[in-house]
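Novice: Below you'll find the structure I mean.
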Amino acid sequence: MKKPIIVGFYGYSNSGKTTLIERLIKELTFRGRKVSAIKQSKHPITMDTEGKDTYRFSKAGAYPVILASTVETNFMFNRSLEINEIIELIITINKPDMIIIESARDDGIKKIRVGDIDIRENTIWTYDGNFENLIEKILDGGK
(Lines of atoms letter the chains of each structure in order from A and count residues from 1; the text may use other names and numbers.)
(Lines give C-alpha, C1' and ligand atoms only; values in the text may rest on other atoms or scores of the structure.)
Protein backbone atom coordinates (compact mmCIF):
# COMPACT_ATOMS: atom_id res chain seq x y z
CA MET A 1 0.00 0.00 0.00
CA LYS A 2 1.19 3.49 -0.86
CA LYS A 3 1.89 5.74 2.15
CA PRO A 4 -0.49 8.68 2.46
CA ILE A 5 0.61 12.28 2.03
CA ILE A 6 0.66 13.84 5.50
CA VAL A 7 0.62 17.61 5.87
CA GLY A 8 -0.10 19.85 8.82
CA PHE A 9 -1.36 23.41 9.01
CA TYR A 10 -0.66 25.92 11.74
CA GLY A 11 -1.40 29.55 12.46
CA TYR A 12 -2.88 31.84 15.06
CA SER A 13 -6.44 31.31 16.29
CA ASN A 14 -8.94 32.81 13.81
CA SER A 15 -6.33 32.91 11.03
CA GLY A 16 -8.58 30.88 8.71
CA LYS A 17 -7.01 27.43 9.16
CA THR A 18 -10.26 25.53 9.60
CA THR A 19 -12.00 27.25 6.69
CA LEU A 20 -8.98 26.65 4.46
CA ILE A 21 -8.72 22.98 5.47
CA GLU A 22 -12.46 22.49 4.95
CA ARG A 23 -12.18 23.95 1.43
CA LEU A 24 -9.10 21.82 0.76
CA ILE A 25 -10.83 18.61 1.89
CA LYS A 26 -13.83 19.36 -0.34
CA GLU A 27 -11.59 19.99 -3.36
CA LEU A 28 -9.40 16.94 -2.78
CA THR A 29 -12.37 14.59 -2.29
CA PHE A 30 -13.97 16.10 -5.40
CA ARG A 31 -10.77 15.12 -7.23
CA GLY A 32 -11.16 11.55 -6.00
CA ARG A 33 -8.75 11.57 -3.07
CA LYS A 34 -9.58 9.84 0.20
CA VAL A 35 -8.78 12.38 2.93
CA SER A 36 -8.59 11.94 6.71
CA ALA A 37 -8.28 14.85 9.13
CA ILE A 38 -6.88 15.35 12.62
CA LYS A 39 -7.53 18.39 14.80
CA GLN A 40 -4.83 18.80 17.44
CA SER A 41 -5.44 20.99 20.46
CA LYS A 42 -3.12 22.21 23.17
CA HIS A 43 -6.15 22.59 25.45
CA PRO A 44 -7.35 19.82 27.80
CA ILE A 45 -10.68 19.15 26.07
CA THR A 46 -12.74 15.98 25.86
CA MET A 47 -15.60 14.79 23.66
CA ASP A 48 -17.07 12.65 26.41
CA THR A 49 -19.72 13.84 28.85
CA GLU A 50 -19.68 13.09 32.56
CA GLY A 51 -22.39 10.63 33.52
CA LYS A 52 -22.90 9.18 30.02
CA ASP A 53 -22.35 5.45 29.44
CA THR A 54 -19.05 5.89 27.58
CA TYR A 55 -17.74 8.15 30.35
CA ARG A 56 -18.68 5.54 32.95
CA PHE A 57 -17.04 2.73 30.96
CA SER A 58 -13.84 4.78 30.63
CA LYS A 59 -13.77 5.64 34.33
CA ALA A 60 -14.24 1.94 35.12
CA GLY A 61 -11.06 1.17 33.16
CA ALA A 62 -12.14 0.23 29.62
CA TYR A 63 -9.61 1.12 26.94
CA PRO A 64 -10.55 2.09 24.29
CA VAL A 65 -14.23 2.89 24.61
CA ILE A 66 -16.24 2.91 21.39
CA LEU A 67 -19.61 4.54 20.78
CA ALA A 68 -21.34 2.94 17.81
CA SER A 69 -24.61 4.51 16.68
CA THR A 70 -26.65 4.46 13.50
CA VAL A 71 -24.93 7.64 12.26
CA GLU A 72 -21.31 7.41 13.46
CA THR A 73 -18.69 5.48 15.38
CA ASN A 74 -16.43 7.20 17.90
CA PHE A 75 -13.29 5.67 19.37
CA MET A 76 -12.21 7.14 22.70
CA PHE A 77 -8.82 6.41 24.19
CA ASN A 78 -8.69 7.52 27.80
CA ARG A 79 -5.15 8.81 27.38
CA SER A 80 -3.43 11.16 25.01
CA LEU A 81 -1.93 9.47 21.94
CA GLU A 82 1.18 10.64 20.13
CA ILE A 83 0.52 11.96 16.63
CA ASN A 84 2.36 9.01 15.07
CA GLU A 85 0.08 6.57 16.92
CA ILE A 86 -2.99 8.43 15.63
CA ILE A 87 -1.65 8.41 12.08
CA GLU A 88 -0.98 4.67 12.23
CA LEU A 89 -4.53 4.04 13.49
CA ILE A 90 -5.99 6.12 10.65
CA ILE A 91 -3.87 4.31 8.05
CA THR A 92 -4.92 0.92 9.45
CA ILE A 93 -8.63 1.76 9.66
CA ASN A 94 -9.15 4.01 6.63
CA LYS A 95 -6.18 3.69 4.22
CA PRO A 96 -6.40 7.35 3.13
CA ASP A 97 -4.52 9.01 0.29
CA MET A 98 -3.92 12.01 2.50
CA ILE A 99 -3.98 13.01 6.18
CA ILE A 100 -4.41 16.68 7.05
CA ILE A 101 -3.55 17.86 10.56
CA GLU A 102 -4.81 21.18 11.90
CA SER A 103 -2.52 22.82 14.47
CA ALA A 104 0.34 20.41 13.71
CA ARG A 105 3.20 20.66 16.21
CA ASP A 106 5.33 17.55 15.66
CA ASP A 107 8.71 18.42 14.11
CA GLY A 108 8.55 15.39 11.78
CA ILE A 109 5.32 16.50 10.09
CA LYS A 110 5.57 18.66 6.97
CA LYS A 111 3.67 21.85 7.66
CA ILE A 112 2.07 24.82 5.93
CA ARG A 113 2.00 28.11 7.80
CA VAL A 114 -1.20 30.19 7.67
CA GLY A 115 -0.69 33.85 8.50
CA ASP A 116 2.13 35.70 10.20
CA ILE A 117 3.19 33.31 12.96
CA ASP A 118 6.66 32.12 13.93
CA ILE A 119 7.87 29.43 11.54
CA ARG A 120 7.85 25.89 12.96
CA GLU A 121 10.25 23.06 12.18
CA ASN A 122 9.61 21.34 8.84
CA THR A 123 7.53 24.17 7.38
CA ILE A 124 7.42 23.63 3.62
CA TRP A 125 5.43 26.70 2.60
CA THR A 126 3.50 29.72 3.82
CA TYR A 127 0.00 29.90 2.38
CA ASP A 128 -0.21 33.09 0.32
CA GLY A 129 -3.90 32.99 -0.61
CA ASN A 130 -3.34 31.13 -3.89
CA PHE A 131 -5.52 28.05 -3.47
CA GLU A 132 -4.41 26.35 -6.70
CA ASN A 133 -0.77 26.61 -5.60
CA LEU A 134 -1.77 25.03 -2.29
CA ILE A 135 -3.46 22.11 -4.08
CA GLU A 136 -0.38 21.59 -6.27
CA LYS A 137 1.97 21.77 -3.27
CA ILE A 138 -0.05 19.19 -1.36
CA LEU A 139 -0.61 16.79 -4.27
CA ASP A 140 3.12 16.98 -4.90
CA GLY A 141 3.65 15.61 -1.38
CA GLY A 142 5.09 18.86 -0.05
CA LYS A 143 8.13 18.80 -2.30
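Taking this note's numbering, I'd label the letters of the sequence shown as residues 1427 to 1569.
All residues carry an ideal CB built from backbone N, CA and C; glycine is no exception.
#1: Across the stretch 1546-1560 and the stretch 1474-1493, are there enough close Cβ pairs to call them in contact, namely three or more that are closer than 8 Å?
#2: Counting only the same chain and skipping the five closest in sequence on each side, list residues whose C-beta sits under 7 Å from that of Ile1512.
#3: So for Asn1504, helix, strand or coil by DSSP?
#4: Could you work out which residue in Ile1492, Leu1493, Arg1457, Leu1507 is closest to Lys1468 when comparing CA atoms only?
#5: As a quick exercise: from Gly1434, Lys1429, Pro1430, Lys1428, pick the residue whose alpha carbon is nearest that of Arg1546.
#6: Measure the beta-carbon distance from Asn1504 to Ser1462 and round it to whole angstroms, keeping in mind my assumption that it falls under 8 Å.
Specialist: In short, the structure shows the following:
#1: no
#2: Ile1464
#3: coil
#4: Leu1507
#5: Gly1434
#6: About 22 Å; that fails the 8 Å criterion.
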